[in-house]
Each structure stands twice: as C-alpha cells, then as structure tokens.
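Read the structure below first, then the notes.
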Amino acid sequence: MIEQQTRPAAPAPTPSAPAALAARLSCATAGGVAFGVLTLWLQGRLADSWNVLANSGAVWTVVAVALAAVFGTSRTTGAVAGLLSLLGEVAGYYWCAAPWHGVAVALDEQVLWTAAAVLIGPVAGLVGHGLARGTGAQRVRAALCVAGLLAGEGWYDLRMAQNLVAARVEVALAALVAVAAVLISRASAATRAVAVLLGCAVAAAVLLAYSGPWLVL
146 MIEQQTRPAA
156 PAPTPSAPAA
166 LAARLSCATA
176 GGVAFGVLTL
186 WLQGRLADSW
196 NVLANSGAVW
206 TVVAVALAAV
216 FGTSRTTGAV
226 AGLLSLLGEV
236 AGYYWCAAPW
246 HGVAVALDEQ
256 VLWTAAAVLI
266 GPVAGLVGHG
276 LARGTGAQRV
286 RAALCVAGLL
296 AGEGWYDLRM
306 AQNLVAARVE
316 VALAALVAVA
326 AVLISRASAA
336 TRAVAVLLGC
346 AVAAAVLLAY
356 SGPWLVL
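In the numbering used here, the protein residues as written are 146 to 362.
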C-alpha cells in the first residue's frame with residue numbers, strides 16, 4: 146500500500162515591515178487621541194483635589210512614554226511613537242473641548258501645547274524604548290527620567306501651594322519609582338548615581354519650564 150504523502154501546511158502570511166510599522170504608529174497615535182479625550186472627560190467628573198491629574202503635562206508625558214514602550218520597537222520608532230502619541234493627546238483634548246464645553250479654545254494655547262508635544266514627544270519616546278528594550282543602564286536612566294518628570298511637576302505645585310493632594314501623590318510616586326529603579330537595577334553603582342543625577346536634572350527642567358512666563362496653567 147502506498148502511503149499518501151501530505152504537504153506541510155503553508156506558514157501564515159506575516160505583515161510586511163512597512164505595514165507593521167504603520168500599524169504600530171497608528172496604534173500609538175490612536176492611544177494618544179483616546180487618552181486626550183479621556184482626560185477632558187475626567188476633568189468634569191473628578192473632585193477638585195484630583196482634577197489636576199486629568200490635565201497634567203506630566204501624566205500626558207508618562208502616557209506617551211508607555212505607548213512608546215509598547216509600540217516603539219527601535220529607538221527611531223520609539224521616538225516617532227512618542228511624538229505621535231503626545232500630538233494625539235493634544236488633538237484629542239482640543240478637538241473635543243469646544244463640542245463638550247461649548248467654548249472656543251484659544252489658538253495660542255493650542256499652539257503652545259502642540260509645540261511642547263513636538264519638543265517633548267520624541268524624548269518621551271526614547272525614554273519609553275529605553276524602559277522596555279534598553280540595557281540595564283538605559284532602563285535605570287529611563288526610570289529616573291520618569292521619576293524626575295513626576296517630581297518636578299509635583300514639587301512645582303507644592304511650592305505654589307496649589308493642587309496639594311495631587312502634588313503629594315506625584316512626589317510620592319516619583320520617590321517610589323526612583324527608589325525601586327535604583328534598588329532593582331543590576332547596573333553599577335556609578336551608573337545608578339548618574340541616573341539619579343539625570344532624574345534630578347529632569348525635575349529641575351520641569352520646574353523651570355512650569356515657572357516660565359510662556360506657560361499659563
């Protein structure tokens with residue numbers, strides 16, 4: 146009896162590299178738009194002491210870091226994902242502001258936050274890529290950048306005696322992230338010390354940016 150030979154099943158087609166890249170960046174953008182809409186929606190529903198977290202530059206940036214960590218498979222795509230996600234947050238927020246609240250948003254305010262997204266988005270994307278796919282040294286530096294971002298905004302609010310509950314939460318989260326990153330990391334002591342200094346520099350930069358005359362809170 147002649148045994149019937151069966152052909153091996155053909156492998157499932159995989160998306161081409163350009164298509165996969167476009168899909169990842171589209172997801173990062175859509176995630177940013179969705180979060181921008183969500184923050185606008187939460188502003189009208191959270192208590193006053195927590196409301197600032199729905200309109201926080203630090204929170205928006207952390208979300209961009211997270212989206213870039215998920216969808217940025219290289220440093221370049223990470224930077225682009227961070228840029229697109231932060232621009233998406235700005236777009237989602239301001240596209241819905243007029244329909245939901247019935248007020249026109251000043252053009253200079255939209256320009257300000259769009260420019261901030263262009264400047265900060267790629268950096269946030271690199272931080273996200275470093276967190277998800279970097280070396281041990283890159284991960285601890287990225288984590289301390291996130292901690293510095295939260296600490297800078299929280300410290301500004303504490304200094305201005307405003308949004309005290311949310312400010313304390315941000316500072317506490319920053320301390321938790323920083324301590325955990327330093328203790329968990331297997332990088333050298335010198336590398337961890339440099340990461341701490343980098344986090345302090347990020348916090349100082351955020352504090353300086355929030356104190357500038359160009360930012361209307």
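We treat Cβ as the ideally placed atom computed from N, Cα and C, and that holds for glycine.
Report task. Please classify Thr336: does DSSP put it in a helix, a strand, or coil? Result -> DSSP places Thr336 in helix when its eight states are reduced to three.
Requested in this report: Determine the contact status of Leu301 and Tyr239, defining contact as a CB-CB distance below 7 Å.
Outcome: Checking the sequence shown, residue 301 turns out to be Tyr, not Leu. No, the Cβ-Cβ distance between Tyr301 and Tyr239 is not below 7 Å.
Query raised in the report: Looking at the unbroken alpha helix (DSSP H) that takes in Gln188, where does it start and where does it end?
Result: 162 to 188
Query raised in the report: Under a three-way DSSP split, which group does Ser201 fall into?
Result: In the three-state scheme derived from DSSP, where H, G and I count as helix and E and B as strand, Ser201 is classed as coil.
Requested in this report: Could you check the C-alpha separation between Ala335 and Val327 for me, to the nearest Å?
Outcome: 11 Å
Requested in this report: Taking only the alpha-carbon atoms, compute the straight-line gap between Leu343 and Ala323 and give it to the nearest angstrom.
Outcome: Roughly 11 Å between the two C-alpha positions.
Query raised in the report: What do you reckon, are the CB atoms on Ala282 and Thr206 nearer than 7 Å?
Result: no
Query raised in the report: By the 10 Å Cβ neighbour count, where 16 or more other Cβ atoms means buried, how is Ala350 classified, buried or exposed?
Result: exposed
Report task. Could you name the residues of the same chain whose beta carbon sits closer than 7 Å to that of Asn376, not counting the 5 residues immediately before and after it, in chain order? Result -> No information on residue 376 is available, as it lies outside the stretch 146 to 362 that the chain covers here.
Query raised in the report: In terms of residues, what are the limits of the alpha helix (DSSP H) holding Val322?
Result: Where Val322 is concerned, the enclosing alpha helix (DSSP H) stretches over 309 to 329.
Report task. Look at the Cβ atom of Ala203, then the Cβ atom of Gly217, and state whether they are nearer than 7 Å. Result -> no
Query raised in the report: Around the Cβ of Val263, are there at least 16 other Cβ atoms within 10 angstroms (buried) or fewer (exposed)?
Result: exposed
Query - the stretch 252 to 263 in contact with the stretch 305 to 317 per 3-pair CB rule at 8 Å - result: The stretch 252 to 263, when compared against the stretch 305 to 317, does not touch it at the 8 Å Cβ threshold.
Query raised in the report: Do you know offhand how far Val215's Cα is from Leu252's?
Result: 32 Å
Query raised in the report: Helix, strand or coil: which one does DSSP assign to Ser219?
Result: coil
Report task. Can you grab the Cα-Cα spacing for the pair Pro158 / Ala164, in whole Å? Result -> With a pLDDT of only 49 at Pro158, under 50, the local geometry of the prediction cannot be trusted, and the value read off the model is given with reservation. Their backbone Cα atoms lie some 13 Å apart in a straight line.
Query raised in the report: Candidates Ala179, Ala175, Val197, Trp186: which alpha carbon is nearest Leu303's?
Result: Val197
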